[in-house]
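Trainee: Please find one structure pasted underneath; my questions will follow.
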Amino acid sequence: MSVVQSTNQAAQFQRTVEGRLKIALALNTLVIAVELVVGQYANSLGLLSDALHNLIDEATLILTF
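Take any residue in the sequence shown, count from 1 to its spot, add 96: that is its number in my numbering.
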């Protein structure tokens with residue numbers, strides 16, 4: 097395996113990881129928003145606390161990115 101081929105594979109892997117992180121961030125943001133709205137509407141402490149938990153997960157994903 098040449099150095100150029102290895103570098104190209106590493107760059108492709110990096111793009112794949114970044115794409116997956118962006119998708120995870122977008123989906124987690126959507127889940128947080130839905131849980132906050134429905135939790136507020138339904139007066140559900142369980143949904144509101146899960147939204148807060150997902151917000152902490154979101155911060156972890158941002159740090160990973």
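Heads up, the beta-carbon is just placed ideally off N, CA and C, and yes, glycines get one too.
Taking the alpha carbon of I152 as the reference point, which residue from V127, A106, F109 and V134 has its own alpha carbon closest?
Mentor: V127
Trainee: Which residue wins for smallest C-alpha separation from T160, given the options D146, N139, A147 and V113?
Mentor: Answer by Cα proximity: V113.
Trainee: Round the Cβ separation of L157 and L117 to the nearest angstrom and send it over; I've been treating them as touching at under 8 Å.
Mentor: Correct: roughly 6 Å between the Cβ atoms.
Trainee: In whole angstroms, what separates the C-alpha of L167 from that of E154?
Mentor: The question about residue 167 has no answer here: the residues shown for the chain are numbered 97 through 161.
Trainee: With C-beta atoms as the reference, is G135 less than 9 Å away from A120?
Mentor: no
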